[in-house]
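Participant:
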Amino acid sequence: MQDASPDIRTQVWEWYHRLLLSPDIERIRKLLVRYDLFKGSLPVPRDIVECGVLKGAGSLYWLKLLHSYAPGGAKRVMGFDAFCGSRRIIAGDYVAASRIPDFTSASYLDTYAGTKSA
Ligand SMILES: C[S@@+](CC[C@H](N)C(=O)[O-])C[C@H]1O[C@@H](n2cnc3c(N)ncnc32)[C@H](O)[C@@H]1O
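One point on numbering: in the working numbering, the residue at position 83 of the sequence shown is 909, and numbering is uninterrupted.
1. Can you give me the C-alpha to C-alpha distance between Pro897 and Arg855, rounded to a whole angstrom?
2. May I ask which residues mark the beginning and end of the beta strand (DSSP E) holding Gly905?
3. Am I right that Leu886 and Tyr861 are in contact with their C-beta atoms under 8 Å? What's the rounded C-beta distance?
4. How far does the beta strand (DSSP E) with Ile874 in it reach, from first residue to last?
5. Quick check: the Cα distance between Ala830 and Asp873, rounded to an integer number of angstroms?
6. Given that a residue counts as buried once 16 or more other Cβ atoms are within 10 Å of its Cβ, and exposed if not, what is Trp841?
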């Protein structure tokens, strides 16, 4: 942020205050949930993979968390997207997910619905 232009810094300051002064809870919750997931991932010597990045904002958030809490570490952020729309469940996803213990089609749909609203 120190490298950003004064205009951008002023805008970010404005957006930040608008977010906090707004009635929004969903955006804040999304950031907090990701923060919790991120903190849980820190002791795990693996990368962070976001499946379905859309515009990439979430991926940049993971990177900012990494920069803040584990700068210079080996953990990387990888993002994937089929750019096929957000409601379509691809048959291959179901097959891959069905290898997870306790997986049911209902739990997959619940998880998918939860991801969409997260
Ligand atoms: C709700 S958006 C994700 C938003 C992003 N994760 C965020 O939080 O800002 C869902 C994205 O998942 C992608 N997607 C849906 N099914 C997918 C699949 N089977 N493989 C890869 N990407 C997929 C869609 O193209 C869409 O861009």
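No residue lacks a Cβ here, since even glycine has one placed at the ideal position from N, Cα and C.
Facilitator: Quick answer:
1. 24 Å
2. Val903 to Phe906
3. At roughly 14 Å, the Cβ-Cβ gap does not stay under 8 Å, so Leu886 and Tyr861 are not in contact.
4. Ile874 to Cys877
5. 28 Å
6. exposed
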